[in-house]
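Residue numbers (UniProt numbering), protein chains in the order written: chain A, 1 to 255; chain B, 1 to 256. Data block below; observations after.
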């Protein structure tokens, strides 16, 4: 899946960045092909969030390039779908109004956006919560709404920043299944940041392991398991072997 | 219904008990009624002064509402301006805080000297007491939105105007209403003070006249009216808050 098409949606080359004296990224190079699910794993504080801020245009890199679908985008905002660590839904908007938020900002026609939001909410089983407010939904449902918000804004790339890290283990497993099913049906290009190796291996086509700050790519792993991926894949000896290797790699990075 | 009863019954009983104790004390001690009138005297004064009071109350209510509206509007404008222009905020905000240490009662005579005895100096007094709580609370609210949401909106391409209208302004509403509630009670107080220092009508003017006549009973009536007026304007703000913030008020509280 990963290497068959040379059509990168996201192409990051030799990205370097520092905040004042603090060198955060030191030459990160990574690529997301069209329809590919790519994860980034790294020790905490390794600059994963900085990477997203750079891709999202909140900050401009010191050197290196970021290209979306071949276009350099340094410092330009509103070009990727984004799902932050917390759902970040506006408490005074209904779920439906929240899901269309990014489209509203982009100036998409309102009625069409509402229609699309409705279809998606129905499809993921949140249809009857369309008119509810975020506080009336469970944490998992809020995360699904936040994911839809990133999904329906029609950008080539969706960036997910540790979206499940605040959920309990049971709910996280449920969300993995949900995301896998949805993604395997849609095949959108996803860049997924996590600190869980297992999560990365379960979901992704390709995993990038970052070193500790200043971050570079320690290793790029192509995940060999077929799609659709089943939950039992985590018990596969090969899965266990790769997980062990990456865990050791990360441990050396953190110690 | 029973909830409301459980909530309002205890304070209501307390009030009735206090009035009863007051009545009892004045009857037993035989204190002069010009010094401390009994509740019965106060009620009698109220019903006797009905017509006169009606006009005075109307005048004060008009003045208060006008002043409150103007003060709140100016407070909001100041908050938004200081929020949008950081340089302005840095330059003006500290002075604004310090200015609150100037007692209004001390500037009031000066305002009369400058603006005469008409409605202008009275309005200025009310505006001065009202705008500050509104401005400070709103300014605070505008900065207190969840930074994660702000980041999300910026990543999604929101410009400053969109960030303000879709996020910062709605986040500021609960704080703004807190400021408005404080200003609502201040406004009646401001109106009464402004009528003391100069004016030919209003409940404040009425109090000055009754004080000269040692009519404590009528002063009590005036005090009751001032309190009622303050509660009324406070109630209006609460009503406005219910309409604006409405159903998701609970959610806002949950999400900080």
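A virtual CB, placed ideally from N, CA and C, is assigned to each residue, including glycine. In this text, all values refer to a predicted model and were calculated from it rather than measured experimentally.
Chain A has a Cβ within less than 9 Å of the Cβ of residue 167 (chain B). Residue 189 (chain A) places its beta carbon less than 9 Å from that of residue 34 (chain A). Contact annotation: residue 55 (chain A) and residue 159 (chain A) have beta-carbon atoms nearer than 9 Å. Shown here is that no member of the stretch 16 to 28 of chain B has a Cβ falling below 9 Å from a Cβ of chain A.
Counting the other CB atoms within 10 Å of its CB gives residue 242 (chain B) a total below 16, which places it among the exposed residues. No Cβ-Cβ contact shorter than 9 Å links residue 99 (chain B) with residue 68 (chain B). Annotation: the continuous alpha helix (DSSP H) that includes residue 186 (chain A) extends over 169 to 186. The CB of residue 155 (chain B) comes closer than 7 Å to the CB of 56, 58, 77 and 82 in chain A, given here in chain order. DSSP places residue 130 (chain B) outside any beta strand (DSSP E); the residue lies instead in the alpha helix (DSSP H), whose first and last residues are 119 to 143. When B:211, B:175 and B:210 are compared, the shortest CA-CA separation from residue 237 (chain B) is found for B:175. By the Cβ neighbour-count rule, residue 166 (chain B) is buried, with 16 or more other Cβ atoms within 10 Å of its own.
Look at the stretch 44 to 118 of chain B and you find these whole runs of alpha helix (DSSP H), each 4 residues long or longer: 50 to 84, 86 to 99 and 104 to 115. Annotation: residue 202 (chain B) to residue 192 (chain B) spans about 8 Å, alpha carbon to alpha carbon.
Beyond the five residues adjoining it in sequence on each side, residue 52 (chain A) comes within less than 6 Å, by CB distance, of 159 and 161 in the same chain, given in chain order.
Beta bridge pairing from DSSP links residue 26 (chain A) with A:16. Under the Cβ criterion of 9 Å, residue 146 (chain B) is counted among the residues facing chain A. The distance from the Cβ of residue 34 (chain B) to that of residue 216 (chain B) is about 6 Å, consistent with a contact at the 8 Å cut-off. Under DSSP, the beta-bridge partners assigned to residue 68 (chain A) are A:10 and A:71. Between the alpha carbons of residue 85 (chain B) and residue 144 (chain B) lies a distance of about 17 Å. Among the residues of chain A, those whose CB is under 7 Å from the CB of residue 149 (chain B) are 88 and 90, following chain order.
Straight across, the Cα-Cα distance linking residue 101 (chain A) with residue 133 (chain A) is about 14 Å. For residue 127 (chain B), the CB contacts under 7 Å within the same chain, skipping 5 residues up- and downstream, are 67, 70, 71 and 74 in chain order.
Under the three-pair Cβ rule at 8 Å, the stretch 74 to 87 of chain A counts as touching the stretch 141 to 151 of chain A.
With its beta carbon at least 9 Å from every one in chain B, residue 185 (chain A) lies outside the interface. Among the residues facing chain A, residue 158 (chain B) is included, as its CB has a counterpart in that chain under 9 Å away.
With fewer than 16 other Cβ atoms from the protein chains shown falling within 10 Å of its own Cβ, residue 123 (chain A) counts as exposed. For a cut-off of 8 Å, the C-beta gap from residue 112 (chain B) to residue 121 (chain B) is around 5 Å, short enough to register as a contact. With respect to the C-alpha of residue 42 (chain B), the residue from B:97, B:222, B:233 and B:8 having the closest C-alpha is B:222. Per DSSP, the beta bridge partners of residue 37 (chain A) are A:190. If you draw a straight line from the Cα of residue 57 (chain A) to the Cα of residue 158 (chain B), it is about 12 Å long.
DSSP places residue 237 (chain B) inside the alpha helix (DSSP H), whose first and last residues are 216 to 245. Within 7 Å of the CB of residue 162 (chain B), the CB atoms of chain A belong to 105, in sequence order along the chain. With 16 or more other CB atoms across the displayed protein chains lying within 10 angstroms of its CB, residue 30 (chain A) is buried. In the three-state scheme derived from DSSP, where H, G and I count as helix and E and B as strand, residue 213 (chain B) is classed as coil.
Residue 102 (chain A) reaches chain B at 156, counting residues in chain order whose Cβ is nearer than 7 Å. If you draw a straight line from the Cα of residue 206 (chain B) to the Cα of residue 80 (chain B), it is about 39 Å long.
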